[in-house]
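Colleague: For reference, the structure I am asking about is given below.
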Ligand code: SAH
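Residue numbers (the numbering used here): 981 to 1207.
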């Protein structure tokens, strides 16, 4: 038997329970719930924490970073509603788990991560699982990825002191972006839309805590708080 198949078998029950937890958070859309069944999260997190992969919580992935809470990612997908023609920009590849979920829904995912080791690990996992519609780049995602802009969807998994203007510039007409914005410790999740050329911002959840977006339009790299 393939090693993956053995692992899969062991994790099937846990994955089903996670899907129930996501449903209990008010995500009832069958297409979204099925996505979480199709992508084995335990293959995206380091082996040492694989037993925690199907908890509905953030999981450490090394380098001081975490894979985001699955129900929050389900909420992202519910709000962004990716469709098969969408070009998606993801800032903060991290484990690559959300990248995989998005790749199953959109046309192509462009994902930027500032920590090379995480990007390399995500690439390896995505390749092993056969994803062909994902492009990864190592760099400062607060400036976006201009080459493939505009994007119909932009998703940011790290918190910023403000909405980076470079990302707004790369948002297509009718496009939508989710980004946590606020202070270092606590943020509002903002849904930003370009409607008839105008930018509309709406807070969809408060009291969130994400790792910081470090870069030109985020927090500065030293980690000290901007004012
Ligand atoms: N969706 C990912 C979340 C990872 S946490 C997952 O579930 O695994 C957020 C990630 O954003 C971290 O890996 C962090 O290194 C990355 N990050 C922070 N600032 C960044 C920047 N300016 N550009 C790209 N990635 C950044």
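Glycine included, every Cβ here is placed at the ideal spot set by N, Cα and C.
Roughly how many angstroms lie between the CA atoms of residue 1134 and residue 993, to the nearest whole one?
Modeller: Taking the chain shown and counting its residues from 1, one reaches residue 1134 at position 154. Taking the chain shown and counting its residues from 1, one reaches residue 993 at position 13. Approximately 32 Å between the Cα atoms of the pair.
Colleague: Should residue 1094 be listed as close to ligand 1, given that the test is whether its C-beta is under 7 Å from any heavy atom?
Modeller: Against the chain shown, residue 1094 aligns to sequence position 114. Flag set: Cβ of residue 1094 near ligand 1.
Colleague: Taking the straight line between their C-alpha atoms, what separation do you get for residue 1107 and residue 1083?
Modeller: If you number the chain shown from 1, residue 1107 lands on position 127. If you number the chain shown from 1, residue 1083 lands on position 103. Distance between the alpha carbons of residue 1107 and residue 1083 is about 12 Å.
Colleague: Excluding the 5 residues flanking residue 1095 on each side, which residues of the same chain have their C-beta closer than 6 Å to its C-beta?
Modeller: Against the chain shown, residue 1095 aligns to sequence position 115. Counting only Cβ-Cβ distances below 6 Å, and skipping sequence neighbours, we find 1043.
Colleague: Near residue 1123, what residues of its chain come up, given a Cβ to Cβ distance below 6 Å and the 5 sequence neighbours on each side ignored?
Modeller: On the chain shown, residue 1123 is found 143 positions in, with the first residue counted as 1. Excluding sequence neighbours, residue 1123 sits near 1146 and 1196.
Colleague: Please give me, in chain order, every unbroken run of the beta strand (DSSP E) with length at least 3 that falls completely inside the region 1167–1205.
Modeller: List check, beta strand (DSSP E) in window: 1167–1175 and 1178–1188.
Colleague: Name the DSSP beta bridge partners of residue 1042, please?
Modeller: Residue numbering aside, residue 1042 sits at position 62 when the chain shown is read from its first letter. The partner list for residue 1042 (beta bridge, DSSP) reads 1045.
Colleague: In chain order, which alpha helix (DSSP H) runs of at least 4 residues are fully inside the region 1067–1126?
Modeller: Counting only runs of 4 or more, we get 1077–1085 and 1096–1108.
Colleague: Suppose you measure from the CA of residue 1002 to the CA of residue 1077; what does that come to, to the nearest Å?
Modeller: To locate residue 1002, count along the chain shown from 1; it is residue 22. To locate residue 1077, count along the chain shown from 1; it is residue 97. Roughly 16 Å between the two C-alpha positions.
Colleague: Shorter than 7 Å, the distance from the beta carbon of residue 926 to the closest heavy atom of ligand 1, or not?
Modeller: Shown here, the chain extends from 981 to 1207; a query on residue 926 therefore has no answer.
Colleague: Can you list, in chain order, the residues of its chain whose CB lies under 6 Å from that of residue 1071, leaving out five sequence neighbours each side?
Modeller: As a first step, residue 1071 must be located in the chain shown, where it is residue number 91. Within the same chain, residue 1071 has close Cβ partners 1092, 1121 and 1136.
Colleague: Just to check my reading of the structure: residue 1272 and residue 1046 have Cβ atoms closer than 8 Å, yes? What is that Cβ distance to the nearest angstrom?
Modeller: Beyond the ends of the chain as shown, which are 981 and 1207, falls residue 1272; an answer cannot be given.
Colleague: Would residue 1075 and residue 1025 be called neighbours here (beta carbons separated by less than 8 Å)?
Modeller: For the purposes of this step, residue 1075 is taken as the residue at position 95 of the chain shown. For the purposes of this step, residue 1025 is taken as the residue at position 45 of the chain shown. Yes, these two residues count as a Cβ contact at 8 Å.
Colleague: Is the distance from the Cβ of residue 1087 to the Cβ of residue 1066 below 8 Å?
Modeller: Residue numbering aside, residue 1087 sits at position 107 when the chain shown is read from its first letter. Residue numbering aside, residue 1066 sits at position 86 when the chain shown is read from its first letter. Yes; because the gap between Cβ atoms is below 8 Å, this pair is in contact.
Colleague: Any heavy atom of ligand 1 closer than 7 Å to the beta-carbon of residue 1077?
Modeller: Along the chain shown, one-based indexing puts residue 1077 at 97. Yes - ligand 1 has a heavy atom lying nearer than 7 Å to the Cβ of residue 1077.
Colleague: Should residue 1120 be counted as a contact of ligand 1 given a C-beta to heavy atom distance under 7 Å?
Modeller: Taking the chain shown and counting its residues from 1, one reaches residue 1120 at position 140. Yes, the beta carbon of residue 1120 sits closer than 7 Å to at least one heavy atom of ligand 1.
Colleague: In terms of residue numbering, what span does the alpha helix (DSSP H) encompassing residue 1136 cover?
Modeller: Walking along the chain shown from the start, residue 1136 turns up at place 156. Not the alpha helix (DSSP H): residue 1136 falls in the beta strand (DSSP E), residues 1131–1136.
Colleague: Going along the chain, which residues of its own chain have a beta-carbon closer than 8 Å to the beta-carbon of residue 1177, five neighbours each way excluded?
Modeller: Walking along the chain shown from the start, residue 1177 turns up at place 197. Within the same chain, residue 1177 has close Cβ partners 1153.
Colleague: Specify the secondary structure class of residue 1006 as computed by DSSP and reduced to three states.
Modeller: Position 26 of the chain shown, counted from the start, is the residue given in the question as residue 1006. Here residue 1006 sits in coil by DSSP.
Colleague: Ends of the beta strand (DSSP E) at residue 1161?
Modeller: On the chain shown, position 181 is the one that residue 1161 refers to. Counting along the chain, the beta strand (DSSP E) containing residue 1161 begins and ends at 1151–1162.
Colleague: Can you check whether the CB of residue 1029 is closer than 8 Å to the CB of residue 1020?
Modeller: Within the chain shown, numbered from 1, the residue matching residue 1020 stands at position 40. Within the chain shown, numbered from 1, the residue matching residue 1029 stands at position 49. Not in contact: residue 1020 and residue 1029 (Cβ atoms no closer than 8 Å).
Colleague: So for residue 1139, helix, strand or coil by DSSP?
Modeller: Start at 1 with the first residue of the chain shown, and residue 1139 comes out as number 159. The answer is strand: DSSP assigns residue 1139 an E or B state.
Colleague: For residue 1126 and residue 1116, which I take to be in contact (beta-carbon distance under 8 Å), what is that distance rounded to the nearest angstrom?
Modeller: Numbered from its first residue, the chain shown carries residue 1126 at position 146. Numbered from its first residue, the chain shown carries residue 1116 at position 136. Residue 1126 to residue 1116, Cβ: 16 Å. No contact.
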